[in-house]
Amino acid sequence: METPQIPAPLDVPAAIAARRSTKDFNSQGIDPELLQRILDLTTEAPSSWNLQPWRIVVVDDDATKEKLHQACFQQRQLLEAAVTLVFAVDVEAWQQDMAPIIDQAQTVGAWPPSYCESARQAIPGGQNALSKMGRLREYAIKDAMIAATHCVLAATSFGLQSTYMNGWQEEAVKQVIGAAGRDEIAIAVVIVLGYSDQVVSHPGRVPQRNTVFQGRLPEAGS
Ligand SMILES: Cc1cc2nc3c(=O)[nH]c(=O)nc-3n(C[C@H](O)[C@H](O)[C@H](O)COP(=O)(O)O)c2cc1C
7 METPQIPAPL DVPAAIAARR STKDFNSQGI DPELLQRILD LTTEAPSSWN LQPWRIVVVD
67 DDATKEKLHQ ACFQQRQLLE AAVTLVFAVD VEAWQQDMAP IIDQAQTVGA WPPSYCESAR
127 QAIPGGQNAL SKMGRLREYA IKDAMIAATH CVLAATSFGL QSTYMNGWQE EAVKQVIGAA
187 GRDEIAIAVV IVLGYSDQVV SHPGRVPQRN TVFQGRLPEA GS
């Protein structure tokens, strides 16, 4: 059987311009090779200390989609979209994964030996400090959101539609993905991906004078 061709991707500015949050999907599935390409681009995302704490769960079967639909306040795109990606994080990832990551960077020459040596000290020091401040979860979620952004822009570049989703109940989503009761697992975001016949209009943005500033923020209340 002939392998379907992955379309030539849009460039980054074109993908940014083309992306719109989409709720209506048609029944076209995502070619597995294309999905893998998108996942490869997703996990190219940078992360703090290269810790890669994201744990991405791919959901494409109807029974699990229905459970996620319930966990996500019955948002209909969960049922319609071909694939849902749950971007979970392992807040404790640094404890198990640190040594192989540093060793790999050293072996391939990406990090000089002196930097690897300081990373061996600095990562546990920094992560323990974050742990004491109760901020490990926040830092892992920052990394996962960057990966999620890579994912959505990659998917858009190949002609897919998407929606990021915050509308879910964390414990219910964790139960669906097999992480019930695991305190080290948190959910960063849920993303639906698929094809759509809908043309979604740009909903607009507030003026940049409200969101972008030179040098420092204006005084409070001004
Ligand atoms: C982190 C995040 C969470 C979101 N959660 C939801 C959601 O749960 N359900 C939904 O329909 N849209 C959700 N959205 C989509 C936003 O409503 C949408 O991005 C916004 O209106 C701007 O539209 P645009 O994405 O087409 O530019 C979310 C977007 C982001 C970035």
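Taking the working numbering, the leading residue of the sequence shown gets 7, the next gets one more, and so forth.
From the three backbone atoms N, C-alpha and C, an ideal C-beta is built for every residue, glycine too.
{"Query": "Spatial neighbours of HIS75 within its chain, please: C-beta separation below 6 Å, excluding the five flanking residues on both sides.", "Result": "LEU84, LEU85"}
{"Query": "Starting from ALA192, follow its DSSP beta bridges and name the residues at the other end.", "Result": "VAL95"}
{"Query": "With a threshold of 6 Å on Cβ separation, who are the neighbours of GLN166 within its own chain once the five nearest residues in sequence on each side are excluded?", "Result": "Before going on, a small fix: residue 166 reads as Leu here, not Gln. Hits under 6 Å: LEU199."}
{"Query": "For ALA153, I'd like the list of residues in its chain whose CB is within less than 6 Å of its CB, leaving aside the five on either flank, ordered along the chain.", "Result": "THR48, ALA51, TRP60"}
{"Query": "Can you name the residues that DSSP bridges to TYR170?", "Result": "ILE197"}
{"Query": "By how many angstroms is the C-alpha of LYS71 removed from the C-alpha of VAL196?", "Result": "12 Å"}
{"Query": "To the nearest angstrom, report how far apart LYS148 and VAL205 are at their CA atoms.", "Result": "30 Å"}
{"Query": "Whole angstroms are fine: how far does the CA of GLN80 sit from the CA of GLN220?", "Result": "42 Å"}
{"Query": "Put MET7 into one of helix, strand or coil per three-state DSSP.", "Result": "Low local confidence applies: a pLDDT of 47 at MET7 is under 50, so the model's placement there is unreliable, with the coordinate-based value given in what follows. It is coil, neither helix nor strand."}
{"Query": "Near ILE107, which residues of its chain fall below 6 Å by C-beta distance, leaving aside the five closest residues on each side in sequence?", "Result": "ASN56"}
{"Query": "What's the call for MET171, buried or exposed, on a 16-neighbour Cβ count within 10 Å?", "Result": "buried"}
{"Query": "Check this for me: beta carbons of ALA150 and ALA194, under 7 Å apart or not?", "Result": "yes"}
{"Query": "Along the alpha helix (DSSP H) that carries ARG126, what are the first and last residues, could you check?", "Result": "119-138"}
{"Query": "Can you say whether ARG222 is buried or exposed, counting buried as having 16 or more other CB atoms within 10 angstroms of its CB?", "Result": "exposed"}
{"Query": "Roughly how many angstroms lie between the CA atoms of GLN175 and ALA14, to the nearest whole one?", "Result": "37 Å"}
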